[in-house]
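Student: Here it is, the structure, as C-alpha cells.
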C-alpha cells in the first residue's frame, strides 16, 4: 500500500480487497509497496463454514494470528503428515517456507486472521486463483451471510 507523502499511517480505502468464494483479504503492506523490505501483512476473513484449500508458499514463511472467530488449522510436519488443531482468538501459527497448510472456519461468525509473509511476494499468487475477484479501492466488500442449513 502506498502511503503517498511518506506518512506512517496506512489507508484501508486506498487498497483493493481480494475476494474469493471462501472470503476476503485486504493487504496492509505488500511487495509492490514503496517499502518492499517490509513483510506482506494483511487481514484475511474466512466466512462461516468456508476455508482455503491445502497450499504452500515456496518462497515465503507465513505467520497467522487469529484475531477473532474459531477454526481448524492444518500444517504438515516434516514427513508430510497433517497436524490439525482448533484455533481461536489469540492463537498464532508458524508456517515455514514450502510447508503445506490450510484453514477452515468452523464457527458461526467470520474467522479473522492477521497474515504475514516474509519475504513479501507470496500474495501475488492469489491473483491466479480461479475464484479471485478484485474489489477496487474505496468500495466495500459485499459480505453476504451464507444461508442456514
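In this note's numbering, the protein residues as written are 130 to 278. All residues carry an ideal CB built from backbone N, CA and C; glycine is no exception.
Should residue 202 be labelled buried (16 or more other beta-carbon atoms within 10 Å of its own) or exposed?
Tutor: By one-based count along the chain shown, residue 202 stands at place 73. Buried, by the Cβ-count rule.
Student: Let me check understanding here. Comparing Cα to Cα, which of 229, 198 and 236 lies closest to residue 213?
Tutor: Position 84 of the chain shown, counting from 1, holds the residue named residue 213. The shortest C-alpha separation from residue 213 is found at 229.
Student: For residue 219, count the other beta carbons within 10 Å of its own beta carbon; 16 or more makes it buried, fewer makes it exposed. Which is it?
Tutor: Taking the chain shown and counting its residues from 1, one reaches residue 219 at position 90. The residue in question, residue 219, is exposed, as its Cβ has fewer than 16 Cβ neighbours within 10 Å.
Student: Roughly how many angstroms separate the alpha carbons of residue 195 and residue 244, rounded to a whole number?
Tutor: Within the chain shown, residue 195 is the residue found at index 66, counting from 1. Within the chain shown, residue 244 is the residue found at index 115, counting from 1. Cα to Cα, the separation comes out at about 9 Å.
Student: In the DSSP assignment, find the unbroken beta strand (DSSP E) run with residue 250 in it and report its ends.
Tutor: Walking along the chain shown from the start, residue 250 turns up at place 121. Neither: residue 250 is in no beta strand (DSSP E) and is coded neither H nor E.
Student: Less than 8 Å between the C-beta atoms of residue 263 and residue 147, yes or no?
Tutor: In the chain shown, residue 263 corresponds to position 134, counting from 1. In the chain shown, residue 147 corresponds to position 18, counting from 1. Yes, the Cβ-Cβ distance between residue 263 and residue 147 is below 8 Å.
Student: Kindly identify the DSSP beta-bridge partner or partners of residue 245.
Tutor: On the chain shown, position 116 is the one that residue 245 refers to. In DSSP, residue 245 forms a bridge with 170 and 192.
Student: Assign residue 186 to buried or exposed, taking buried as 16 or more other Cβ atoms, counted over all protein chains shown, within 10 Å of its Cβ.
Tutor: By one-based count along the chain shown, residue 186 stands at place 57. Burial call: buried.
Student: Could you say which of 139, 223, 216 and 152 lies nearest to residue 246 if we only look at CA atoms?
Tutor: Indexing the chain shown from 1 puts residue 246 at position 117. Ranking the options by Cα distance to residue 246, first place goes to 223.
Student: In chain order, what residues of the same chain lie with their CB nearer than 8 Å to the CB of residue 190, ignoring the 5 residues before and after it?
Tutor: Along the chain shown, one-based indexing puts residue 190 at 61. 223, 224, 225, 226, 246 and 247.
Student: Within a Cβ cutoff of 7 Å, which residues of the same chain sit near residue 155, ignoring the five residues on either side of it in sequence?
Tutor: Locating residue 155 in the chain shown gives position 26, counting from the first residue. Hits under 7 Å: 141, 144, 146, 171 and 172.
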